[in-house]
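Here this note's numbering runs 309 ahead of the position in the sequence shown, where the first position is 1.
Glycine is no exception: its CB is placed at the ideal position from the N, C-alpha and C atoms.
Predicted model only: the values in this text are computed from it and were never measured.
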Amino acid sequence: MHRTSGLLLHPTSLPSHYGIGDLGPSARRFVDFLAAAGQGLWQMLPLGPTGYRDSPYQCTSAFAANPLLISPDGLLEFGWLQASDLDGRPAFPEDRVDFGAVAPWKTRLLALARAGFAERAGEDDRADYARFCTREAFWLDDYALYHALKTHHELRPWTDWEPALAQRDPDALGDWSARHRDEVELQRFVQYVFHRQWSSLRDYARVRGVRLIGDIPIFVAHDSSEVWTHPEWFELDERGHPTVIAGVPPDYFSATGQRWGNPLYRWPVLAADGYRFWIERLRRSLELVDLVRIDHFRGFAGYWEIPASEETAINGRWVPGPGLAFFQALRAALGENLPLIAEDLGVITEDVEALRDTLELPGMAVLQFGFEDLEDGFGGSSFLPHRHRRRLAVYTGTHDNNTLLGWWAERNEHLRAQVLAYLNGDGQAVNWDFIRVALGSVADLALFPMQDVLNLGGEACMNRPGTAEGNWLWRYREDQLDPAAAERLLRLSRLYGRRPYEPG
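Listed below in structure tokens is the structure:
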């Protein structure tokens, strides 16, 4: 694996004039920052359309992309919007996402863009759109109908729709689709626009030596196109509600564990179909990105099953996952060298490590955890650099961690002294001490949340597991994109032999 490094930043956290980061000019400026800093990777969270509490880990589709990431500036460039369409823009905050204001405003813009496309698109664009719809029909047709129905039902979960539509009665669906043809077509168009803008951004990154890392949650949201379309794949009752749900037992993040609420797979049903859903899901992801982090990799060896009636994750049980046979099916369909990173955090047992190592996948090490894990005494954690291996991605922190400076502010003096001794630092720029030792690790990949490079405190935390409010909102301001930070990161990366990819 190429020895390189990069930054973790979800596109929603980019600056823009439109209340949320998008695929427009600021995304390119961020790629330029990565290139100037000698970085080869841009890692993101899942890119799907967000549902419950705006979490990118609770998407309404495993295949579709988030319409809120579409750039209005790009729509102007295509000629499908006019400048006057942007009049009346709300007064969006600069340093956080206001999902409540952004969603209706962008939804209106996308409808205007669809009308503009119908009126002004050239023959090449129309032909390209038709090819996209044909190529992606496996997921696009179901998603477009689902999202049009969900919009019609005021975004209520599919289990609350009219029974005939919720249960996918063919006559009811056919009649509804015929009467709402334009609404369904709008959803196809929105996904096409994302495809056009994303492809352009990915090309821009590639010629600057930057590759993209995506993120696939192992489980899908209950209120999603896939669960509505294929309830037979999931552990549901006759009304479509989960009987058992996903989560994790008590761990680093929560004393009561995490009750995610996702329905669990009926793995034998998926296996009988040759795991086609997962093959197509990963194929789709690799159309968008170069590497994929598999969130909750341990669930393929064994997962925590929680009765849906339980209010916490404490009273769950371990259930075996599909194991090696699942990955053999993926390899047979997509190639032997799957570009995956196994997120192997939390309760990791020997069977999880054996599966990861048999597949020769890099796991993850989080430096913050390395200094918190004192079970074997200070310095005994496998997350610390002196215990690293080459086939590994080392992180200073993830989206589920506090920022380094926020974490540091909450540590006691005794632990601080031990950490500084390990880092050989003086505490004046502890975030850069962490970045330095991560870059110096033998691990092939080193990644840092953008907040740590920008010297930001706990106010810039992306997500606090176990909390319901205030997550997924952080954005940096354009004036925080510090050239001095890029120069410092470039110098350290070169010092430790980390290079971007070859352009192209």
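Could you tell me how far apart the beta carbons of residue i and residue j are, in whole angstroms, since I believe they sit closer than 8 Å?
i    : j    : result
T552 : D546 : 5 Å
V519 : G347 : So it is not a contact: roughly 10 Å between Cβ atoms.
P808 : T443 : The sequence given here has Arg at residue 808, not Pro. Not confirmed; about 40 Å, so no contact.
Q352 : L317 : 5 Å
L591 : L639 : 6 Å
D363 : F408 : 5 Å
R854 : G388 : Residue 854 cannot be examined here, being either before or after the span of the chain that is shown, 310 to 813.
R784 : R405 : 6 Å
T705 : D761 : 5 Å
G608 : G625 : G608 to G625, Cβ: 12 Å. No contact.
S370 : Y452 : 5 Å
L713 : F743 : 5 Å
L763 : A795 : Contact doesn't hold; Cβ gap of about 11 Å is too wide.
S563 : P774 : 6 Å
H311 : Y810 : 6 Å
A345 : L799 : 7 Å
L390 : G425 : 6 Å
F757 : L724 : The pair is not a contact, with the Cβ atoms about 21 Å apart (cut-off 8 Å).
Look up residue i in the DSSP assignment and give the residues it is bridged to.
i    : result
P572 : I554
S314 : A755
P334 : Answer by DSSP bridge pairing: none, since P334 is not bridged.
D604 : P526
W351 : L316, L521
T359 : C368
I650 : R602
A702 : M673, L754
Q567 : V557
R405 : W783
Leaving out five residues on either side along the sequence, give the residues of the same chain with a beta carbon under 7 Å from the beta carbon of residue i.
i    : result
N571 : F528, V529, A530, H531, I554, A555
T468 : A475, R548, G549, H550
W470 : L458, H462
D484 : none
V536 : V529, F543, P572
Q506 : L332, I379, S380, G383
G814 : No answer is possible for residue 814: it lies beyond the span of the chain, which begins at 310 and ends at 813.
A473 : A481
For residue i, which residues from the same chain have a beta carbon less than 8 Å from its beta carbon, with the 5 sequence-adjacent residues on both sides left out?
i    : result
E541 : R575, V578
D599 : R520, L521, I522, P648
R665 : F606, A651, D653, G672
I623 : P558, P559, T565, G566
P466 : H531, D532
E669 : R700
R398 : H326, Y327, W414
V739 : L713, L714, W717, V728, L729, L732
T260 : Outside the shown range of the chain (310 to 813) lies residue 260, about which nothing can therefore be said.
E619 : R568, G625
Just to confirm my understanding: we take residue i, look at its own chain, exclude 5 residues before and 5 after, and list those with CB closer than 6 Å. What are they?
i    : result
N772 : H708, D709, N780
W627 : G611
W569 : A555, G556
A642 : I588
D682 : S690
A755 : S314, V703, A747, L748
L782 : R405, V406
S750 : P694, H697, V703
I329 : T321, L377, V406, V411
V276 : Since the displayed the chain opens at 310 and closes at 813, residue 276 lies outside it and no answer follows.
G734 : D742
**Request:** May I have a chain-ordered list of the alpha helix (DSSP H) segments no shorter than 4 residues that lie completely inside the segment 479-553?
**Result:** 479-488, 490-515, 534-538
**Stretch pair the segment 752-770 + the segment 714-725: three plus CB contacts closer than 8 Å** = yes
**Request:** Inspect the CB distances between the segment 511-530 and the segment 346-359 and report whether three or more fall short of 8 Å.
**Result:** yes
**Request:** Count the CB pairs spanning the segment 612-629 and the segment 672-688 that are closer than 8 Å, and state whether there are at least three.
**Result:** no
**Asked** Between the segment 320-339 and the segment 574-583, do three or more beta carbon pairs fall short of 8 Å?
**Response** no
**Message:** Within 8 Å, do at least three Cβ pairs link the segment 485-502 to the segment 370-382?
**Reply:** yes
**Contact the segment 451-462 vs the segment 486-493: 3+ CB pairs below 8 Å** = yes
**Message:** Quick check on the DSSP output: what are the complete alpha helix (DSSP H) runs of length 4 or more inside the segment 410-477, in order along the chain?
**Reply:** 432-444, 446-461, 472-475
**Message:** When you compare the segment 657-664 with the segment 694-707, are there three or more beta-carbon pairs, one atom per stretch, that lie closer than 8 Å?
**Reply:** no
**Any 3 or more C-beta pairs closer than 8 Å across the segment 430-450 and the segment 506-519** = no
**Item:** Every unbroken alpha helix (DSSP H) inside the segment 606-650 [4 residues or more]
**Value:** 633-643
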